[in-house]
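Peer 1: Just so you know, the sequences run in chain order Z and H. Just so it is clear: in the first sequence, position 122 is 235 by the working numbering, and no numbers are missing. Just so it is clear: in the second sequence, position 71 is 1122 by the working numbering, and no numbers are missing. Think of the CB as a built atom: it goes at the ideal place given N, C-alpha and C, for glycine as much as any other residue. Have a look at the structure that comes next, please.
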Amino acid sequence: MKGSVHQFDVSALIERWRRFWFEEIPPHPFALLRILMGTLGLLGLLGLTPISMFWTLDGLTPIAGGGLGLKSTLIRYGLGSLTGELLFATLFAGFAAMTVGYKSGLAVAIGFMGSVFQIRWNRLPLSSAHQVLTSVLFCLVWADTGAVWSLDRWLERRRRPAAADEPPPTQPIWPLQMIRYQIALIYLNSGLWKLFGPMWREGSALHYALNLNAFRRFAHVLPPQLEWAATLGTYVTLFWEIGFAFMVLHPKTRRVALVLGVLFHLGLFLTLELGPFSWVMIASYVAFVDPYRVSRWFSWAREKPIAATAAPESV
Amino acid sequence: MSKSQIVISLLLTAHLAAITLAAIPAPDPAFKVEPIQHPTSNDIAATMTPLVDPLAIRIKSVEQVLWKLTLPIRPLVASYTNITGLQQYWAMFSRPPSSEQYFRVRYYVASPSRRTWTATELVHPTHRHDRVRLLRSFRDSYEDKAFDIAFSSFVTARDHGKPREIDPATRPEQLPDDLAPIARYYGRRFRETQLLSDERIIRTEVWHGTAPIPPPGEQLSPVALDARDTVLQRYYAGPIEDRARDATKTPYHGAVQEADITWVLEYYEEQ
């Protein structure tokens, strides 16, 4: 009797695990993330122009050491600047193909590998936005991102008209769960770093961040009468970041976490110039939206939405 | 579960464990968490600080225990995150500077027919402080980030995480090369756009500037603001040339004051 109860528990646990990672979902969230990350990748590349500034060896690029790495080898053979230019062109082609969904799987792989190589090539101009983009691309590599809303799909329909009547194939949810975990980890880690910083504990962090001359968007600083807002904002940011990982576990609190997140990142965008960081973070929130709901968005795109069987309740 | 699902499950578990462990930072004496002076001037801060202070100290101690427990597998985790580019360092704005940050580059120019002269240009922030940052500042943010990373790498490599006595006779070859890209890139740009054919740069210096940000609830006096503004406006007009007197060199890590901006010579190269 005892043994059968034990067995039942284990199999229930395995079933929960299976549903959590391998439940079949519509491919639309993956497609939307591909489009958004491709667009933001392109935007990031535009920010990294002119090419002579960040990609060639006589630009703002670290002095190459003598090591045995790929970069050193390329430089030794006189291919340094050419490699930088080729990397830019490859990434541009990869992100453009991702955005339109042409050879989607390959495009995402190129975007990911190029982004990793870019960190090794020249990490100087790269902010957390690049790190988030790379992390999301790593997860997207394992998904079929071109099943809908893509040139691939359109070409498939042209080649095989019968494909137009077929619903897009479903996919296991695990790459999406990986993105959710990664984003939650980013906020938790960032929140804890902040908690360990004295300025966040004494409520002055936002005051100093908003006054930094290298970031602030407007010439005028916050008047002393509004200091309370900066102090309140400091604590709200701190607790929201630490709480994000826990709030996304339940559908109701998840909504609050995401709305606060959008407001927080829009606030950052309006007050500080942080490159594409705010947009990359907001784009990553697509991973937290019910995949069936995402499949109903953009109905004009002529993709058949998939009827929900059991929408995932928790992350 | 199918065989493929079991394999994927194992790989997923390893991946998630690796990125979670990578997110736990190494203990660093420079980032010690200690009780702080509880502010009394601000009601919200006066209420919240005593609450979050002990919480931070407790969580930090748990983090340190986790770090020690996972020490044996750290090299494996580091290899994985390095290869995949999935480093988990998300300390954005955890310790925002309490001063405004500037960089200027000074060039010493020599020619066979004229005395050596200097030119100094402000290179960071890329954007003027008195204008709203719009479309162009998106691109500028990447250039500004390059200064941020280059300088923090330079200071870490030079000081090994501890403030130390810096020898004024330090030679360029004794300095880390993290600020070299800045000296060389702007030096090249200056040479190509400003110098005559017989002129050449014989020395390039990178100066780091700081100016105070008043603490919460306080403001800079209009006089101090005007003085800083005047200094910055001179730089905005283009490289400031000094041809009147023989170029005198500041000893390494020497400081000079312009209004409330303190400039420190952090890096130099001689050609």
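Per DSSP, what kind of secondary structure is V1274 (chain H) in: helix, strand or coil?
Peer 2: V1274 (chain H) falls in the helix class under three-state DSSP.
Peer 1: What residues from the region 1244–1259 of chain H come within 9 angstroms of chain Z, judged by C-beta to C-beta, listed N to C?
Peer 2: Listed by position, the residues of the region 1244–1259 of chain H near chain Z (Cβ gap below 9 angstroms) amount to none.
Peer 1: In the DSSP assignment, find the beta strand (DSSP E) that holds F1154 (chain H) and state where it starts and stops.
Peer 2: Counting along the chain, the beta strand (DSSP E) containing F1154 (chain H) begins and ends at 1150–1161.
Peer 1: Return yes when the Cβ of L1246 (chain H) is within less than 8 angstroms of the Cβ of V1160 (chain H), no when it is not.
Peer 2: Yes, the pair counts as a contact, with Cβ atoms nearer than the cut-off.
Peer 1: Where Y294 (chain Z) and I1312 (chain H) are concerned, what is the direct C-alpha to C-alpha distance, given to the nearest angstrom?
Peer 2: Those two C-alpha atoms are separated by around 44 angstroms.
Peer 1: Nearest-angstrom Cα distance between G1260 (chain H) and D1229 (chain H)?
Peer 2: Taking the straight line joining both Cα atoms gives about 17 angstroms.
Peer 1: Would you tell me roughly how many angstroms separate the C-alpha atoms of L237 (chain Z) and A342 (chain Z), rounded to the nearest one?
Peer 2: About 33 angstroms.
Peer 1: Give the straight-line distance between the Cα atoms of S1112 (chain H) and P1123 (chain H), rounded to the nearest whole angstrom.
Peer 2: Answer to the nearest angstrom: the Cα atoms are 19 angstroms apart.
Peer 1: Per DSSP, which one or two residues make a beta bridge with I1252 (chain H)?
Peer 2: Partner(s): H:V1160.
Peer 1: Where G374 (chain Z) and W130 (chain Z) are concerned, what is the direct C-alpha to C-alpha distance, given to the nearest angstrom?
Peer 2: Each residue's alpha carbon lies about 28 angstroms from the other.
Peer 1: I'd like the list of long-range same chain contacts for A423 (chain Z), defined as Cβ closer than 7 angstroms, with 5 residues on each side in sequence excluded.
Peer 2: With a pLDDT of 47 at A423 (chain Z), under the threshold of 50, the modelled position of this residue cannot be trusted, and the question is left open.
Peer 1: On the DSSP bridge assignment, give the partners of Y398 (chain Z) in chain order.
Peer 2: DSSP, once it has assigned bridges, lists no residue as partnering Y398 (chain Z).
Peer 1: What would DSSP say about I1170 (chain H), mapped onto helix, strand or coil?
Peer 2: Correcting the residue identity first, residue 1170 (chain H) is Ala in this sequence and not Ile. Strand, per DSSP.
Peer 1: Of the choices H:Y1236, H:P1086, H:K1196, whose alpha-carbon is the least far from that of T1177 (chain H)?
Peer 2: Of H:Y1236, H:P1086, H:K1196, the residue nearest in Cα terms is H:K1196.
Peer 1: Quick test of your reading: I286 (chain Z) and T212 (chain Z), contact by CB under 8 angstroms. State the CB separation rounded to the nearest angstrom.
Peer 2: Incorrect: roughly 24 angstroms between the Cβ atoms, too far for contact.
Peer 1: What do you get for D1297 (chain H), buried or exposed, if any count of 16 or more other CB atoms within 10 angstroms of its CB means buried?
Peer 2: Label assigned to D1297 (chain H): exposed.
Peer 1: Given a threshold of 16 other Cβ atoms within 10 Å of its Cβ, counted over all protein chains shown, does H1211 (chain H) qualify as buried or as exposed?
Peer 2: It is exposed - the Cβ of H1211 (chain H) has fewer than 16 other Cβ atoms within 10 Å.
Peer 1: At a CB-CB cut-off below 9 angstroms, which residues of chain H make contact with S228 (chain Z)?
Peer 2: Neighbours of S228 (chain Z) on chain H, chain order: G1136.
Peer 1: Using a Cβ-Cβ cut-off of 8 angstroms, state whether D403 (chain Z) counts as contacting chain C.
Peer 2: Absent from the structure: chain C. Protein chains present are Z and H.
Peer 1: In the region 1202–1236 of chain H, which residues sit with their C-beta less than 9 angstroms from some C-beta in chain Z, listed in chain order?
Peer 2: Those residues of the region 1202–1236 of chain H that come within reach of chain Z (Cβ to Cβ, closer than 9 angstroms) are S1204, D1228, D1229, A1231, P1232, I1233, R1235, Y1236.
Peer 1: Going by C-alpha to C-alpha distance, which of H:D1181, H:E1216, H:P1147, H:L1120 sits closest to P311 (chain Z)?
Peer 2: The option with the nearest alpha carbon to P311 (chain Z) is H:P1147.
Peer 1: Which stretch, first to last residue, makes up the alpha helix (DSSP H) that contains I1291 (chain H)?
Peer 2: Looking at the DSSP string, I1291 (chain H) is not in any alpha helix (DSSP H); the run it does join, the beta strand (DSSP E), is 1291–1293.
Peer 1: Hey, which unbroken runs of the alpha helix (DSSP H) at 4 residues or more fall wholly within the region 169–196 of chain Z?
Peer 2: Correct list: 183–189.
Peer 1: Secondary structure at Y1303 (chain H), three-state DSSP: helix, strand or coil?
Peer 2: DSSP places Y1303 (chain H) in coil when its eight states are reduced to three.
Peer 1: Excluding five sequence neighbours on each side, which residues of the same chain lie with their C-beta closer than 7 angstroms to the C-beta of D1199 (chain H)?
Peer 2: Once the five neighbours on either side are set aside, D1199 (chain H) has no close Cβ partner at all.
Peer 1: Closest Cβ-Cβ distance between E136 (chain Z) and chain H: below 8 angstroms?
Peer 2: By this cut-off, E136 (chain Z) is not an interface position.
Peer 1: Between the C-alpha atoms of Y405 (chain Z) and V372 (chain Z), what's the straight-line distance to the nearest angstrom?
Peer 2: Taking the straight line from one Cα to the other gives about 19 angstroms.
Peer 1: Please list, in chain order, the residues of the region 371–398 of chain Z that have any C-beta partner in chain H closer than 7 angstroms.
Peer 2: Of all residues in the region 371–398 of chain Z, E386, L387, G388 have a Cβ within less than 7 angstroms of some Cβ in chain H.
Peer 1: Please classify G172 (chain Z) as buried or exposed, where buried requires at least 16 other C-beta atoms within 10 Å of its C-beta.
Peer 2: With 16 or more Cβ atoms within 10 Å of its Cβ, G172 (chain Z) is classed as buried.
Peer 1: Quick check: is the beta carbon of K307 (chain Z) nearer than 8 angstroms to any beta carbon in chain H?
Peer 2: Output row for K307 (chain Z): interface = yes.
Peer 1: I think F357 (chain Z) touches Y398 (chain Z), with their Cβ atoms under 8 angstroms apart; what is that distance to the nearest whole Å?
Peer 2: Contact doesn't hold; Cβ gap of about 11 angstroms is too wide.
Peer 1: Under 8 angstroms Cβ-Cβ, which residues of chain H neighbour P282 (chain Z)?
Peer 2: Correct list: empty, because the minimum Cβ distance to chain H is about 16 angstroms.
Peer 1: So for H1175 (chain H), helix, strand or coil by DSSP?
Peer 2: Residue state, collapsed to three classes: strand.
Peer 1: Is there at least one Cβ from chain Z nearer than 8 angstroms to H1304 (chain H)'s Cβ?
Peer 2: Closer than 8 angstroms: no.
Peer 1: Compile a chain-ordered list of the residues in the region 289–300 of chain Z whose CB is closer than 9 angstroms to at least one CB of chain H.
Peer 2: Correct list: Q290, M291, Y294, Q295, L298, I299, Y300.
Peer 1: Any chance the region 1163–1174 of chain H sits against the region 1280–1299 of chain H, with 3 or more Cβ pairs inside 8 angstroms?
Peer 2: Touching, yes.
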